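Encoded as structure tokens, the structure appears first; notes follow it.
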Amino acid sequence: MPPRAKHKTQACLNCGYVFSETNNFCPQCGQENQQKIRPIGSLMGDFANDLLQIDTRLFRSIPAFLFFPGKLTNRYLQGKRVHYITPLRLYLTTSFLYFFLFSIYISKNFNPKTDGKTSADIIQLSLGDDDDQALNGQQIERKLKNIDRKLKNPNLKEGDRQILEKQRQMFQQLQPYDQVQDTTVKTKLKKGKGIPSIIENTMTIARATKFNEDQIMDSLQIEKSFFNRLAVRQSIRLANATPKQIVQDLIQKIPFLLFFLLPVFAFILKFAYVRRKRLYIEHFIFTLHIHSLAFFVLTIGLLVYMVKILPPADEELPLALALAYWMIYTLLAFRNVYKQNWFKTIIKYSFVFFVYIIVATILLVPAILIGLAFF
6 MPPRAKHKTQ
16 ACLNCGYVFS
26 ETNNFCPQCG
36 QENQQKIRPI
46 GSLMGDFAND
56 LLQIDTRLFR
66 SIPAFLFFPG
76 KLTNRYLQGK
86 RVHYITPLRL
96 YLTTSFLYFF
106 LFSIYISKNF
116 NPKTDGKTSA
126 DIIQLSLGDD
136 DDQALNGQQI
146 ERKLKNIDRK
156 LKNPNLKEGD
166 RQILEKQRQM
176 FQQLQPYDQV
186 QDTTVKTKLK
196 KGKGIPSIIE
206 NTMTIARATK
216 FNEDQIMDSL
226 QIEKSFFNRL
236 AVRQSIRLAN
246 ATPKQIVQDL
256 IQKIPFLLFF
266 LLPVFAFILK
276 FAYVRRKRLY
286 IEHFIFTLHI
296 HSLAFFVLTI
306 GLLVYMVKIL
316 PPADEELPLA
326 LALAYWMIYT
336 LLAFRNVYKQ
346 NWFKTIIKYS
356 FVFFVYIIVA
366 TILLVPAILI
376 GLAFF
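If you read the sequence shown in the numbering used here, its first letter stands for residue 6, the second for the next number, and so on.
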């Protein structure tokens with residue numbers, strides 16, 4: 006039966022190739038032979054068809070994904086792919102859901118002792134009528150003299166005295182670097198012109214003053230090169246940031262780190278099963294599937310933990326069960342995909358994850374440093 010000519014054109018709209026017969030696709034460039042303007046009914050029909058195909062793939066993928074270790078990998082490697090969600094899409098979806106939920110949890114539950122406030126925020130509560138203006142050295146000095154005068158009052162209550170002492174200490178921290186009366190800050194500065202010394206010294210000064218990057222570089226007498234300026238700028242941002250802001254920024258970067266660790270895990274699998282003569286891409290597909298399951302079960306565990314449906318003594322149980330389920334599932338998946346006996350499977354399973362943990366730990370430190378460098 007010849008292909009239907011519904012909404013077909015005489016020539017390709019992309020390359021201009023003239024069709025000699027009713028083609029569904031252009032033989033020259035591959036574009037679909039279809040009119041540029043289509044009825045709304047046709048568009049809605051295509052949308053419904055695509056949606057139905059997605060629902061069908063999802064319906065067939067979830068049982069195999071959750072309850073049959075290694076089945077999705079085996080089906081994909083056998084070429085039976087049209088009925089299941091692709092490995093990369095599955096990984097991106099599950100990882101997005103987990104980190105989205107985890108970021109919500111962090112934003113609601115990560116509360117340092119200062120409740121997310123820097124020392125400048127705390128002082129802002131007691132500056133007075135000119136709160137909206139930055140305090141210069143003379144204004145801070147007047148504030149300190151006013152506090153000292155109040156402290157000399159013999160009738161001052163002990164609670165008020167403690168508050169004034171704290172305010173005095175915080176205003177002293179805001180004094181410009183060259184006006185600090187004591188040598189506390191200056192004695193904390195490290196000798197040296199290397200990047201580590203610059204970072205540490207910059208953060209020390211930034212926490213005690215309102216200096217900008219040029220003033221700090223002048224104070225430290227360092228060359229205003231690109232890398233020195235970058236180190237000073239990022240150190241000022243870190244010094245002024247709250248722990249919550251730093252953690253949230255690092256969490257946003259973790260998915261990228263884990264994504265780049267996937268090829269590492271697949272390479273370890275390739276090494277462990279080198280005698281199986283499997284292609285690297287086969288190990289990578291398996292890697293995507295087991296990591297997708299990790300994100301999925303952790304998402305369910307975290308969700309149960311967040312809604313607080315269990316008593317406090319058992320509230321961490323869902324996360325523990327999710328991790329245990331993933332470990333057992335992954336062991337079974339190893340055996341079903343690579344088809345070796347239990348002894349070899351357990352040995353290689355242990356070896357792969359032992360090496361993976363070591364490599365991930367080694368890469369984690371520079372990854373965190375890079376993340377902080379671009380905070």
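Idealized CB from N, CA, C, for every residue including glycine.
Treat the numbers as computed from the prediction; the structure is a model and nothing was measured.
Out of Lys-148, Lys-162, Leu-77, point me to the one whose CA is closest to Asn-341's CA.
-> Leu-77
By how many angstroms is the C-alpha of Thr-304 removed from the C-alpha of Asp-319?
-> 17 Å
Is the distance from the Cβ of Asn-38 to the Cβ of Thr-61 below 8 Å?
-> no
Since Phe-73 is in the alpha helix (DSSP H), which residue starts that stretch and which ends it?
-> Here Phe-73 belongs to no alpha helix (DSSP H), and DSSP marks it neither H nor E.
Once you ignore the five residues that flank Leu-293 on each side, which residues in its own chain have a CB closer than 6 Å to its CB?
-> Pro-92, Tyr-96
Which partner residues of Val-23 appear in the DSSP bridge assignment?
-> Ala-16
The region 224–231 contacting the region 257–272, beta-carbon criterion three pairs below 8 Å | no
Between which two residues does the alpha helix (DSSP H) harbouring Asp-223 extend?
-> 218–225
Integer Cβ distance of Ile-200 from Ala-236, believed to fall under 8 Å = 5 Å
Straight-line CA distance for Asp-136 to Ala-325?
-> Because Asp-136 carries a pLDDT of 42, less than 50, the predicted location of this residue cannot be relied on, and no value is offered for it.
Return yes when the C-beta of Pro-323 is under 7 Å from any heavy atom of the ligand HEM, and no when it is not.
-> Within the structure as shown, the ligand HEM is missing, as the structure has no ligands at all.
Tell me, please, which residues DSSP counts as bridged to Glu-37.
-> Phe-30
Span separating the alpha-carbon of Ser-230 from that of Ala-244 | 21 Å
Secondary structure at Leu-369, three-state DSSP: helix, strand or coil?
-> helix
Meets three-Cβ-pair contact criterion under 8 Å: the region 275–288 and the region 298–313 = With the cut-off at 8 Å, the region 275–288 and the region 298–313 do not touch.
Of the residues Leu-298, Glu-321, Ser-108, Thr-366, the one placed nearest Phe-70, counting alpha carbons only = Leu-298
Spatial neighbours of Thr-2 within its chain, please: CB distance less than 6 Å, with the 5 preceding and 5 following residues excluded, ordered by chain position.
-> Any property of residue 2 remains undetermined from this structure, which presents the chain solely from 6 to 380.
Using the C-alpha atoms, what's the distance from Leu-267 back to Asn-28?
-> 42 Å
Can you tell me which of Glu-163, Asn-160, Ile-168 puts its alpha carbon nearest to the alpha carbon of Arg-152?
-> It is Ile, not Arg, that sits at residue 152 in the sequence shown. Closest option to Ile-152, Cα to Cα, is Ile-168.
Return the residue from the list Asn-160, Pro-159, Lys-155 that minimises the CA-CA distance to Glu-170.
-> Lys-155
Through-space distance from Ala-327 to Leu-368, alpha-carbon basis | 25 Å
Gly-164 versus Pro-316: straight-line alpha-carbon distance, rounded | For Gly-164 and Pro-316, the distance between alpha carbons rounds to 40 Å.
Output the distance between the C-alpha atoms of Ala-16 and Gly-35, rounded to the nearest integer angstrom.
-> 13 Å
Going by Cα to Cα distance, which pick from Leu-262, Arg-234, Phe-24, Gln-33 is closest to Val-370?
-> Leu-262
Could you give the DSSP three-state label for Pro-260: helix, strand or coil?
-> helix
Separation of Ala-271 from Gly-289, as counted between CA atoms | As written in the sequence, residue 289 is Phe, which differs from the Gly given in the question. In this structure, the straight-line span from the alpha carbon of Phe-289 to that of Ala-271 is close to 5 Å.
Compare the Cα-Cα distances from Thr-99 to each of Val-302, Gly-84, Phe-73, Ile-204 and report the closest residue.
-> Val-302
Answer yes or no: do Gly-84 and Ala-338 have a C-beta to C-beta separation smaller than 8 Å?
-> no
Alpha carbon of Arg-173 to alpha carbon of Leu-149, nearest angstrom | 6 Å
When the Cα of Thr-366 is compared with those of Lys-344, His-88, Val-269, which residue comes out closest?
-> Val-269
Collapsed DSSP secondary structure at Leu-130 in the structure displayed | Because Leu-130 sits at a pLDDT of 37, beneath the cut-off of 50, its placement in the model cannot be relied upon, and the point is left open.
In terms of alpha-carbon separation, which member of Ile-203, Phe-216, Pro-32, Thr-335 lies closest to Thr-350?
-> Thr-335
Same chain, Cβ closer than 8 Å to Tyr-278, neighbours up to 5 away in sequence not counted | His-288, Tyr-343, Lys-353
For Arg-283, three-class secondary structure by DSSP = coil
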